[in-house]
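First residue of the sequence shown: 473, per this note's numbering; consecutive thereafter.
Don't be surprised by glycine CBs; every beta carbon is placed ideally from N, CA and C.
Data block below; observations after.
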Amino acid sequence: MTMQALLAIACGSAVGFSLALIGGGGSILAVPLLLYVVGVHDPHLAIGTSALAVSFNAFANLIPHARAGHVRWKVAFTFAATGVLGAFIGSSIGKAINGQHLLVLFALLMMVVAGFMLRGRRGGVDRYPLPGMYPRLGAVGLGTGSLAGFFGIGGGFLIVPGLMFASGMEIIYAIGTSLFAVGSFGLTAAINYAISGLVDWPVAAEFIGGGIVGGWLGAMGAKRLAKTRGALNIIFALAIIAVAILMLVKSLRG
Numbered sequence: 473m474t475m476q477a478l479l480a481i482a483c484g485s486a487v488g489f490s491l492a493l494i495g496g497g498g499s500i501l502a503v504p505l506l507l508y509v510v511g512v513h514d515p516h517l518a519i520g521t522s523a524l525a526v527s528f529n530a531f532a533n534l535i536p537h538a539r540a541g542h543v544r545w546k547v548a549f550t551f552a553a554t555g556v557l558g559a560f561i562g563s564s565i566g567k568a569i570n571g572q573h574l575l576v577l578f579a580l581l582m583m584v585v586a587g588f589m590l591r592g593r594r595g596g597v598d599r600y601p602l603p604g605m606y607p608r609l610g611a612v613g614l615g616t617g618s619l620a621g622f623f624g625i626g627g628g629f630l631i632v633p634g635l636m637f638a639s640g641m642e643i644i645y646a647i648g649t650s651l652f653a654v655g656s657f658g659l660t661a662a663i664n665y666a667i668s669g670l671v672d673w674p675v676a677a678e679f680i681g682g683g684i685v686g687g688w689l690g691a692m693g694a695k696r697l698a699k700t701r702g703a704l705n706i707i708f709a710l711a712i713i714a715v716a717i718l719m720l721v722k723s724l725r726g
């Protein structure tokens with residue numbers, strides 16, 4: 473096994489662990505890890521590979537949420553229907569943009585994600601279903617899908633509040649339902665990038681394998697570290713900001 477393979481497995485484990493431990497925003501580090509640790513030198517290749525890994529992890533995490541009854545399937549399909557179109561459009565635009573410029577935008581997005589994490593999530597009051605929610609779901613799905621496809625990310629940090637706004641559902645249902653959208657958007661972006669040869673399949677497989685192990689460990693640790701989750705969110709958000717600054721410096725110098 474090569475050093476790159478070991479690094480891909482280790483980085484996949486770190487992303488899977490953080491996703492299971494703190495939820496939305498954890499996958500945002502996949503692209504910089506692929507670029508600066510694993511050694512994937514092309515930004516577009518890193519984004520395409522990340523999109524595939526994010527999609528796989530989302531669908532894997534969807535299963536326990538569905539078994540627990542936390543997925544609103546009609547909402548999920550409606551949201552994903554327009555979101556997949558947005559993801560295709562967004563990923564097509566992303567492929568056409570200069571790689572270094574794309575990384576600058578990605579670093580700025582990371583800071584937005586960190587801001588969402590520092591703010592925290594509010595459970596809200598269950599108002600589901602809101603009158604006329606399906607047109608809103610379609611519109612919000614199109615917007616979030618476009619962003620997810622453009623950057624090759626899951627977009628859960630936008631999808632969860634978007635679902636709560638459009639349908640009035642509680643956060644536990646929004647999280648479960650969002651995983652179907654995250655998986656669908658990521659798969660659409662990955663296929664679009666793969667058509668252009670912009671997915672590193674061996675690295676993706678290694679990253680996904682590590683993510684499965686990391687997700688299992690994170691799920692175990694989540695219960696034990698539940699009381700310190702707020703502090704973990706802050707630490708992780710600050711780490712994202714630090715990596716974003718590093719990406720900005722490298723991209724602007726390059």
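Using the Cα positions of residue i and residue j, report the straight-line distance between them to the nearest angstrom.
i	j	result
E678	L651	22 angstroms
H537	G555	21 angstroms
M719	L630	22 angstroms
Y508	L575	12 angstroms
V612	L619	11 angstroms
N664	D672	13 angstroms
T474	A709	31 angstroms
A579	L614	22 angstroms
A482	L602	43 angstroms
I586	R539	Just to set this straight, residue 586 is Ala in the shown sequence, not Ile. The alpha-carbon atoms of A586 and R539 are separated by roughly 30 angstroms.
K546	L534	15 angstroms
S499	V487	6 angstroms
G669	K567	11 angstroms
L724	I707	26 angstroms
I643	R608	17 angstroms
S563	G571	13 angstroms
G634	A548	12 angstroms
I561	A716	25 angstroms
A492	D514	28 angstroms
Could you have a look at residue i and say whether DSSP puts it in helix, strand or coil?
i	result
G617	helix
R725	helix
L630	helix
G604	coil
H513	coil
T474	coil
M636	helix
V671	coil
E642	coil
G655	helix
V543	coil
Would you check if the distance between the CB atom of residue i and the CB atom of residue j is smaller than 9 angstroms?
i	j	result
V526	G626	yes
A552	F637	no
A530	G628	yes
I712	M582	yes
V721	V512	no
G617	G558	yes
G624	A661	yes
G693	F489	yes
T649	G610	no
Q476	V503	no
G640	M589	no
L505	I680	no
With a threshold of 16 other CB atoms inside 10 Å of the CB of residue i, please say whether the residue is buried or exposed.
i	result
H516	buried
L478	exposed
L501	buried
I647	buried
N705	buried
R544	buried
A703	exposed
Could you confirm whether any beta carbon from chain D is found closer than 9 angstroms to the beta carbon of residue i?
i	result
L574	You won't find chain D in this structure, because it holds only one protein chain.
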